[in-house]
Amino acid sequence: MSATEYQRIRIAECAAHDGKKVEIAGWLYNLRRSGKICFPQVRDGSGVIQCTALKNTLPEELFEGLKHLTQESSVIVRGKLRAEARAPGGYEMEIEDATIVQKVPEEQPYPITPKDHGIEFLMDHRHLWLRSRRQHAVLGIRHEVIRAVRDYFDNNGFTLVDTPIFTPAACEGTTTLFEVNYFDEEKVFLTQSGQLYNEATAAAFGKVYTFGPTFRAEKSKTRRHLTEFWMVEPEMAYATLEDVKRVAEELICFVTGRVLERRKEELAVLERDVSKLQAIQAPFPRISYDEAVERLKKKGSEIEWGGDFGGTDETLLSEDFDRPVIVDRFPTAIKAFYFQPAPDRPDVVLGADVIAPEGYGEIVGGGQRIHDLDLLLKRLEEHQLPREAFEWYIDLRRYGTVPHAGFGMGIERFVTWMCGIDHLRETIAFPRMLYRTRP
RNA sequence: UCCUCAGUAGCUCAAUGGUAGAGCAUUCGGCUGUUAACCGAAGGGUUGUAGGUUCGAGUCCUACCUGAGGAGCCA
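Residues in the first sequence are numbered consecutively from 48, following our numbering.
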């Protein structure tokens with residue numbers, strides 16, 4: 048029997064090849080064995096399939112080789128595919144031939160066993176942990192989220208214009224930045240937001256977005272923080288706070304719908320309560336910061352008007368709603384210099400945050416930017432920011448300035464929410480956190 | 001930076017101040033439908049590090065190291 052009569056397929060395509068002779072190239076996920084029959088489970092990155100190997104139909108060398116395969120050994124199996132109710136996944140291959148590409152040595156077995164492991168051990172073995180079913184599901188959903196985000200903007204007239212990662216100065220003057228030696232003399236910083244550059248490209252293209260990594264040197268050590276994370280930031284010319292709220296709402300509904308539609312299996316692996324995601328429909332409730340503070344006080348929070356929400360406050364707020372809640376008009380004092388003040392109330396700005404349900408916290412933050420030259424200059428001074436570094440940004444108010452607005456959405460927080468998991472670190476292949484930069 | 005908790009076999013954990021143990025993983029034996037397979041056996045230990053108290057410390061005390069969760073700050 049030559050190998051050529053078997054068609055190479057991926058496990059995800061099994062349904063289209065029922066009853067056919069196929070070849071699957073992958074890794075041994077798990078193995079159960081009896082005296083004269085064994086059940087190797089093979090994964091190939093697209094799924095997991097159970098195979099059967101029978102002693103009395105295979106050459107002894109092949110049967111013994113399969114029976115003693117170690118976890119994560121690389122193997123190519125060939126045989127006939129059939130629907131089989133007893134097999135997890137619904138399809139099964141009866142092995143007729145196999146090539147063991149590499150057997151993981153018994154004296155140094157694969158470290159991640161099917162039993163429980165602690166988080167330190169798993170994080171140290173992140174390069175291998177990615178092979179597990181659960182991690183595979185999380186990263187599959189991440190991929191879908193990113194694809195849907197890009198589809199949404201691409202289909203709605205936005206142009207992707209990426210912004211630099213090396214930046215000459217603090218964008219916002221608020222958070223701590225990573226400093227990098229740029230050749231011999233100059234110091235530059237890793238970007239904390241592409242927003243200021245987006246304002247320039249929005250004046251060139253009308254509607255733009257940037258999608259890339261973002262760096263924050265905050266010494267935060269919680270389940271909601273990474274030092275390196277991915278953010279999508281749209282920016283629109285001739286737009287207001289109302290446009291920000293509408294676009295954020297549409298985006299969130301579109302992406303959630305896509306995940307529900309295309310990632311049922313992954314959500315099932317994660318045992319995600321999909322009814323919680325099905326509830327994500329427009330319109331989202333909209334409340335003002337003033338009202339949010341009142342609600343929080345009634346719920347026992349110690350927040351006072353003028354303070355920013357803590358993690359607990361966001362959870363308390365989200366408890367009142369079955370879908371994301373939009374909070375707008377924050378105190379001017381706690382927001383970055385570029386926020387447009389409300390025309391009727393200069394003590395609040397035209398900014399909005401979207402807070403996810405189930406305690407997943409802030410997933411979107413943005414608003415309308417200052418378009419008036421004199422006001423911008425005044426704010427830069429109030430925030431004691433070096434005007435020289437912002438000359439190009441000020442230029443945008445000199446040459447055809449218009450009301451404009453945009454927001455940022457943190458991808459990892461969004462994916463954490465979609466997955467219903469409790470820590471951000473599992474939503475990126477190799478998380479960078481305070482005290483962890485390996486592997 | 002601060003607060004809290006934890007560190008025992010490769011992994012997950014147990015052990016009243018008195019002989020360091022179990023499950024998983026690995027090896028050997030058994031089983032033709034297993035579903036984190038099961039049954040029997042074997043090998044596997046400087047109890048994070050350094051001091052201290054005690055007749056005796058995995059257990060109590062001190063310092064340090066490492067990790068986790070949280071606060072502040074943020075998406």
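Note that CB positions come from ideal geometry on N, CA and C, so glycine has one too.
| query | What's the gap between the Cα of Leu-116 and the Cα of Ala-72? | reply | Here residue 116 is taken as the residue at index 69 of the first sequence, counted from 1. Here residue 72 is taken as the residue at index 25 of the first sequence, counted from 1. Computed Cα separation, rounded: 15 Å.
| Taking the alpha-carbon positions, what's the Ser-49 to Lys-68 distance? | Counted from its first residue, the first sequence places residue 49 at position 2. Counted from its first residue, the first sequence places residue 68 at position 21. Low confidence applies to Ser-49: its pLDDT is 49, below 50, so where it sits in the model is not reliable, and the reading given next is rough at best. Cα to Cα, the separation comes out at about 12 Å.
| query | Do the CB positions of Glu-487 and Lys-323 come within less than 8 Å of each other? | reply | With the chain running from 48 to 486 in the structure shown, residue 487 is simply not present.
| Residue nearest to Ala-284 in terms of C-alpha spacing, selected from Ala-247, Asp-91, Arg-319, Arg-271 | Stepping through the first sequence from its first residue, residue 284 is reached at position 237. Ranking the options by Cα distance to Ala-284, first place goes to Ala-247.
| said: Whether or not the segment 167 to 177 and the segment 125 to 144 are in contact is what I'm after, with contact meaning three or more pairs of Cβ atoms, one per stretch, closer than 8 Å; do they touch? | reply: Too few Cβ pairs lie closer than 8 Å, so no.
| message | Rounded to the nearest angstrom, what separates Thr-210 and Ile-147 at their Cα positions? | response | Residue mapping note: residue 210 aligns to position 163 of the first sequence, counting from 1. Residue mapping note: residue 147 aligns to position 100 of the first sequence, counting from 1. Looking at the two C-alpha atoms, the distance is approximately 47 Å.
| query | Out of Asp-65, Arg-271, His-272, which has the shortest C-alpha to C-alpha gap to Lys-127? | reply | In the first sequence, residue 127 corresponds to position 80, counting from 1. A check of alpha carbon separations from Lys-127 across Asp-65, Arg-271, His-272 identifies Asp-65 as the nearest.
| request: Could you tell me whether the Cβ atoms of Thr-257 and Val-208 are closer together than 8 Å? | output: On the first sequence, position 210 is the one that residue 257 refers to. On the first sequence, position 161 is the one that residue 208 refers to. Contact: yes.
| field | C-beta atoms of Ile-350 and Asp-360 nearer than 8 Å | value | Indexing the first sequence from 1 puts residue 350 at position 303. Indexing the first sequence from 1 puts residue 360 at position 313. The answer is yes: Cβ separation under 8 Å.
| Hey, how far is the Cα of Val-302 from the Cα of Ile-441? | Numbered from its first residue, the first sequence carries residue 302 at position 255. Numbered from its first residue, the first sequence carries residue 441 at position 394. Approximately 35 Å, taken between the alpha carbons.
| field | Assigned secondary structure, Gln-239 (DSSP; H/G/I helix, E/B strand, else coil) | value | As a working note, residue 239 is residue 192 in the first sequence. Coil, per DSSP.
| field | Environment of His-451 [buried if 16+ CB atoms lie within 10 Å] | value | Mapped onto the first sequence, residue 451 falls at position 404. By the Cβ neighbour-count rule, His-451 is buried, with 16 or more other Cβ atoms within 10 Å of its own.
| task | Pull up the distance between the alpha-carbon of Val-151 and that of Tyr-157, whole angstroms please. | result | Locating residue 151 in the first sequence gives position 104, counting from the first residue. Locating residue 157 in the first sequence gives position 110, counting from the first residue. Looking at the two C-alpha atoms, the distance is approximately 7 Å.
| task | Using three-state DSSP, classify Lys-102 as helix, strand or coil. | result | Mapped onto the first sequence, residue 102 falls at position 55. Three-state result, Lys-102: helix.
| said: Suppose contacts are defined by Cβ-Cβ distances below 8 Å. Is Glu-141 in contact with Thr-99 by that definition? | reply: Here residue 141 refers to the residue found at position 94 when the first sequence is read from its first residue. Here residue 99 refers to the residue found at position 52 when the first sequence is read from its first residue. Yes; because the gap between Cβ atoms is below 8 Å, this pair is in contact.
| query | Do you know how far the Cα of Phe-276 is from the Cα of Leu-481? | reply | If you number the first sequence from 1, residue 481 lands on position 434. If you number the first sequence from 1, residue 276 lands on position 229. Rounded to the nearest angstrom, the two C-alpha atoms are 13 Å apart.
| request: Indicate the three-state DSSP secondary structure (helix, strand or coil) for Val-192 in the structure shown. | output: The residue labelled residue 192 in the question sits at position 145 within the first sequence. The answer is helix: DSSP assigns Val-192 an H, G or I state.
| Beta-carbon proximity list for Asp-369, same chain, < 6 Å, skipping 5 on both sides | Start at 1 with the first residue of the first sequence, and residue 369 comes out as number 322. Excluding sequence neighbours, Asp-369 sits near Ala-326.
| request: Could you tell me which residues DSSP pairs with Glu-282 in its beta bridges? | output: Your numbering for residue 282 matches position 235 in the first sequence. The partner list for Glu-282 (beta bridge, DSSP) reads Val-255, Gly-453.
| message | Is it the case that the segment 408 to 418 contacts the segment 304 to 315, given that we only count it when at least three CB pairs across the two stretches are under 8 Å? | response | With the cut-off at 8 Å, the segment 304 to 315 and the segment 408 to 418 do not touch.
| message | Quick check: Gly-358 and Arg-479, are their CB atoms within less than 8 Å of each other? | response | To locate residue 358, count along the first sequence from 1; it is residue 311. To locate residue 479, count along the first sequence from 1; it is residue 432. For Gly-358 and Arg-479, no; Cβs fall outside 8 Å.
| When DSSP builds the beta bridges, which residues end up paired with Val-69? | Here the question's residue 69 lines up with position 22 in the first sequence. Per DSSP, the beta-bridge partners of Val-69 are Gln-54, Gly-126.
| said: Using the Cβ count rule (16 or more neighbours within 10 Å means buried), how would you classify Trp-489? | reply: In the structure as shown, the chain starts at 48 and stops at 486, and residue 489 therefore has no counterpart that could be examined.
| task | Since I believe Asn-245 is in contact with Glu-282 (beta carbons under 8 Å), could you give me their beta-carbon distance rounded to a whole number of angstroms? | result | Here the question's residue 282 lines up with position 235 in the first sequence. Here the question's residue 245 lines up with position 198 in the first sequence. Correct: roughly 4 Å between the Cβ atoms.
| said: With distance defined between alpha-carbon atoms, name the residue in Glu-232, Pro-215, Gln-239 nearest to Pro-224. | reply: As a first step, residue 224 is located in the first sequence; it is residue number 177 there, counting from the start. Before going further, note that residue 224 is Leu rather than Pro in the sequence given. For the residues Glu-232, Pro-215, Gln-239, the minimum Cα distance to Leu-224 belongs to Gln-239.
| message | Strictly by DSSP, which residues pair up with Arg-333? | response | Reading the first sequence from its first residue, position 286 is the one you call residue 333. Paired residues: Ile-373.
| message | Using CA atoms only, rank isn't needed, just tell me which of Val-401, Ile-468, Ile-58, Gln-54 is closest to Glu-70. | response | For the purposes of this step, residue 70 is taken as residue 23 along the first sequence, with counting starting at 1. Considering only Val-401, Ile-468, Ile-58, Gln-54, the residue with the shortest C-alpha distance to Glu-70 is Gln-54.
| DSSP state of Ala-389, grouped into three classes? | Residue 389 sits at position 342 when you count from the first residue of the first sequence. Strand, per DSSP.
| said: Using a Cβ distance threshold of 8 Å, determine whether the segment 226 to 237 contacts the segment 249 to 256, with at least three qualifying pairs required. | reply: As far as the Cβ criterion goes, the segment 226 to 237 does not touch the segment 249 to 256, which means the pair count is below three.
| query | Hey, which unbroken runs of the beta strand (DSSP E) at 3 residues or more fall wholly within the segment 411 to 441? | reply | Fully enclosed beta strand (DSSP E) runs of 3 or longer: not present.
| Per DSSP, what kind of secondary structure is Ile-142 in: helix, strand or coil? | Taking the first residue of the first sequence as 1, we reach residue 142 at position 95. Strand at Ile-142.
| task | Please confirm if the segment 419 to 429 is in contact with the segment 390 to 403, defined as three or more CB-CB distances below 8 Å between the two stretches. | result | Taking one beta carbon from each stretch, the segment 419 to 429 and the segment 390 to 403 have fewer than 3 pairs nearer than 8 Å; the two do not touch.
| said: Classify Ala-132: buried if its beta carbon has 16 or more other beta carbons within 10 angstroms, exposed otherwise. | reply: Indexing the first sequence from 1 puts residue 132 at position 85. Looking at its Cβ environment, which holds fewer than 16 other Cβ atoms inside 10 Å, Ala-132 is exposed.
| said: My output table needs one value for Arg-80: the three-state DSSP class, helix, strand or coil. | reply: Residue mapping note: residue 80 aligns to position 33 of the first sequence, counting from 1. Correct three-state label for Arg-80: strand.
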